[in-house]
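For reference, the structure discussed in these notes is given below.
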Amino acid sequence: DQQVKQNSPSLSVQEGRISILNCDYTNSMFDYFLWYKKYPAEGPTFLISISSIKDKNEDGRFTVFLNKSAKHLSLHIVPSQPGDSAVYFCAASDWGYQKVTFGTGTKLQVIP
Amino acid sequence: EAGVVQSPRYKIIEKKQPVAFWCNPISGHNTLYWYRQNLGQGPELLIRYENEEAVDDSQLPKDRFSAERLKGVDSTLKIQPAELGDSAVYLCASSFKTSGTNEQFFGPGTRLTVL
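Sequence lines, in order, name chains A and B. So for the first sequence, our numbering puts the first residue at -19; every next one is plus one. So for the second sequence, our numbering puts the first residue at 1095; every next one is plus one.
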């Protein structure tokens, strides 16, 4: 039972354009959402998060949007840079329990 | 600030052999996690510690996996005996429970290959 789904295993974007990574979840108990970025041979690193009381959170080039009614969130990267090429994991948690459930990841390639 | 340290980085063993992974979390982090990441998948939680107490080990295959976190700092994850299906990357992460962000800091992982 995949509670956090990233249906696009890969995405290619031209440098300077917008990258949009999507994530869907099924568990209505999730109330905190995170995006992690992973380079090869390294552990995931935290990128940005959003709580269920918000619908948008922005940090520099990265913005996360949350649509609770659709159980959908997305990560926007503008403008995309070659250094953004990595695997991006969407994750969700029940805040009180602190257990984080990860999606399967989307491999982003930013083409110079 | 030093990050989460894991060793070894790579391990190749034959099936039925034992193997152990070690993790040193970020200083001051009271919560420690062990995850398993299979190829093409996201990390899956095996066990979570708060200080020295295992508060969630529901996903740990207890017939062959064991873990300990002595003194609430370092942790060891053991598999005995290893099976072919245990080949994966084992990730350790830590967090400070009251940080307010649920952010976990991951180590580089140990890539286990069982032949």
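Positions of the beta carbon are idealized from the N, C-alpha and C atoms, including for glycine. The model shown is predicted, which means the values in this text are computed figures rather than measured ones.
Taking Cβ positions only, does A/L1 come closer than 9 angstroms to chain B? no
When DSSP labels each residue in this structure, what does A/D64 get in the three-state scheme? helix
Rounded separation between A/G(-4) and A/Q61 - CA only: 6 angstroms
Should B/R1130 be flagged as near chain A, meaning a C-beta pair shorter than 9 angstroms? no
Does any residue of chain A have a CB that is nearer than 9 angstroms to the CB of B/A1187? Answer yes: the Cβ-Cβ gap between B/A1187 and chain A drops below 9 angstroms somewhere.
Take the Cβ of B/V1149 as the centre, count every other Cβ of all protein chains shown within 10 Å, and call the residue buried at 16 or more, exposed below. exposed
What I want to know is whether the C-beta of A/T25 ends up closer than 8 angstroms to one or more non-hydrogen atoms of the ligand HEM. The ligand HEM is not part of this structure, which contains no ligands at all.
Spatially closest choice to A/Q(-14) from A/F42, A/P59, A/F82 and A/I91, by CA coordinates: A/F82
Taking only beta-carbon atoms, is B/F1199 less than 9 angstroms away from chain A? It does; some Cβ of chain A falls within 9 angstroms.
With distances taken from CA atoms, which of A/D(-19), A/T6, A/Q(-18) and A/I0 is nearest A/K51? A/T6
Just grab the DSSP bridge partners of A/L(-9) for me. A/L88
Report the rounded CA-to-CA distance for A/C70 versus B/T1170, giving the unit in angstroms. 27 angstroms
Does the contact criterion of 3 or more C-beta pairs under 8 angstroms hold for the stretch 1101 to 1111 of chain B versus the stretch 1151 to 1168 of chain B? no
Quick one: is B/V1098 near chain A, going by C-beta distance under 9 angstroms? yes
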